[in-house]
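Down below is the structure, laid out as structure tokens.
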Amino acid sequence: MKLTIVGLGFGEKKGITLEAIEKIKSSSNVILRTKHHPTVELLDEMGIKYKTCDELYEKANNFEELYRSIAKKVLEESREKDTVYVVPGAPSILESTAFHIIKDEPDVEIVEAVSFIEPCVTASKVDIGEGLVMVDAVDVNFFNLNPNFNIMITQLWNEFIISDVKLALMEVYGDEYEIEAIYSAGIKGEEEVKKLKVYEMDRILKPDIRLSLVVPTYKGNNFLQLLNDVSNCDNFKNIDKFDIDPELKSAVLKLSESYKNLKNLVDEGYYEMNEVVLALKTVINRI
Numbered sequence: 001m002k003l004t005i006v007g008l009g010f011g012e013k014k015g016i017t018l019e020a021i022e023k024i025k026s027s028s029n030v031i032l033r034t035k036h037h038p039t040v041e042l043l044d045e046m047g048i049k050y051k052t053c054d055e056l057y058e059k060a061n062n063f064e065e066l067y068r069s070i071a072k073k074v075l076e077e078s079r080e081k082d083t084v085y086v087v088p089g090a091p092s093i094l095e096s097t098a099f100h101i102i103k104d105e106p107d108v109e110i111v112e113a114v115s116f117i118e119p120c121v122t123a124s125k126v127d128i129g130e131g132l133v134m135v136d137a138v139d140v141n142f143f144n145l146n147p148n149f150n151i152m153i154t155q156l157w158n159e160f161i162i163s164d165v166k167l168a169l170m171e172v173y174g175d176e177y178e179i180e181a182i183y184s185a186g187i188k189g190e191e192e193v194k195k196l197k198v199y200e201m202d203r204i205l206k207p208d209i210r211l212s213l214v215v216p217t218y219k220g221n222n223f224l225q226l227l228n229d230v231s232n233c234d235n236f237k238n239i240d241k242f243d244i245d246p247e248l249k250s251a252v253l254k255l256s257e258s259y260k261n262l263k264n265l266v267d268e269g270y271y272e273m274n275e276v277v278l279a280l281k282t283v284i285n286r287i
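Just so it is clear: in the sequence shown, position 108 is 108 by UniProt numbering, and no numbers are missing.
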């Protein structure tokens with residue numbers, strides 16, 4: 001039996017491809033991850049019959065369990081008859097259920113769509129030349145928030161997720177850092193962009209599957225940037241030319257050597273940067 005995973009696009013009808021529509025129309029077993037997506041109205045207009053996985057959202061204890069249960073349901077049905085599984089956005093862009101399915105059943109046809117990324121970038125006017133890291137909101141933690149890159153956090157669909165993301169952002173960027181919230185990116189008449197501080201998130205934001213956050217690159221000093229700056233700076237060998245207290249000068253030289261040694265360990269693959277940060281946090285928390 002054949003399984004096809006199809007994307008609905010970012011929410012406008014123009015975001016879904018003709019190929020995707022044909023795949024859905026020609027299938028007698030269409031499963032939607034959720035009916036809560038604007039493009040589902042197009043399927044209703046065409047009289048397409050479908051099932052959804054919305055009931056599984058209520059039964060799951062956590063998100064990993066949810067994604068696995070959806071993947072299991074789709075795989076079980078696809079082994080009995082040809083199935084088209086329909087997901088919001090694009091199947092290969094931050095769609096955890098698709099990844100779980102492909103892991104168990106590699107021989108799956110993927111029909112892409114226009115993802116939410118392009119509309120989000122356009123709405124936020126972020127410079128992706130500085131780098132862009134995309135993270136599903138349920139996966140956000142201290143270690144995948146790199147301040148040297150723009151971060152796009154997607155699918156903040158309940159209050160608990162928003163609260164967890166806020167705490168992670170506060171730990172890395174601080175309470176007052178300004179971010180952007182984008183609702184319904186690319187959808188005419190619905191798109192909304194709000195600027196807010198990290199600490200305001202759970203007061204201002206309303207949960208929505210189409211809510212994304214854009215966290216711009218951090219322009220100040222942070223641990224990763226300082227490590228790179230110290231390692232690439234040649235001024236330390238000329239430190240005697242600077243008007244610095246002798247004791248402080250000695251301490252700075254020792255610190256620069258320590259930074260360089262630490263960076264060498266990371267660059268040579270002995271340790272991952274998240275291991276270094278975790279070690280530092282462990283020591284700090286026990287002082």
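In this text, a Cβ means the ideal position worked out from N, Cα and C, and glycines have one as well.
As computed with DSSP, isoleucine 93 is found in no beta bridge at all. In the structure shown, methionine 134 falls within a strand segment according to DSSP collapsed to helix, strand and coil. The residue from Glu130, Ile182, Tyr57 and Ser69 with its alpha-carbon nearest to that of lysine 219 is Glu130.
The C-beta distance from tyrosine 50 to isoleucine 31 rounds to 7 Å, short enough to meet the 8 Å contact threshold.
In terms of Cα proximity to asparagine 150, the closest of Ile239, Ser212, Lys254 and Thr17 is Ser212. Note that the C-beta distance between alanine 113 and glycine 174 is not below 8 Å. Of all alpha-carbon atoms in Ala60, Gly7 and Thr17, the one lying nearest the alpha-carbon of lysine 35 is that of Gly7. Measuring C-alpha to C-alpha distances from glycine 11 to each of Pro246, Tyr67 and Ile117 identifies Ile117 as the nearest. For the segment 54-118, the full-length alpha helix (DSSP H) segments reaching 4 residues or more read 54-59, 63-78 and 96-104 along the chain.
Setting aside the 5 residues that flank it on each side, aspartate 54 is surrounded in the same chain by Thr34 and Lys35, each with a C-beta closer than 7 Å to its C-beta; the list follows chain order.
Per the C-alpha coordinates, the member of Ile187, Ala181, Glu105 and Ile153 positioned closest to valine 74 is Glu105. Looking at the backbone, the Cα of isoleucine 5 and that of valine 84 are separated by about 6 Å. Taking C-beta atoms as the reference points, valine 140 and valine 165 count as a pair closer than 8 Å. For asparagine 150, the enclosing beta strand (DSSP E) starts and ends at 150-154. Between the alpha carbons of proline 147 and serine 27 lies a gap of roughly 45 Å.
Taking C-beta separations shorter than 8 Å and ignoring five residues to either side along the sequence, the partners of valine 111 in its chain run Thr4, Ile5, Val6, Gly7, Thr17, Glu19, Ala20, Lys23 and Pro91, following chain order. Of the candidates Ile48, Val87 and Lys2, Val87 places its Cα closest to the Cα of isoleucine 70. Remark: C-beta atoms of arginine 210 and tyrosine 177 do not approach each other more closely than 8 Å. By the criterion of a C-beta distance shorter than 6 Å, aspartate 234 is surrounded by no residue of its chain, once the five residues flanking it on both sides are discounted. In the three-state reduction of the DSSP assignment, threonine 4 falls in the strand class, which pools E and B. Only exposed fits isoleucine 204, as fewer than 16 other CB atoms lie within 10 angstroms of its CB. Note on phenylalanine 160: under 16 other CB atoms within 10 angstroms of its CB, so exposed under the neighbour-count rule. Valine 215 carries a strand assignment under DSSP once its states are collapsed to helix, strand and coil. In the structure shown, the three-state DSSP call for tyrosine 183 is strand. If you draw a 10 Å sphere on the C-beta of methionine 1, you find fewer than 16 other C-beta atoms in it, and that means exposed.
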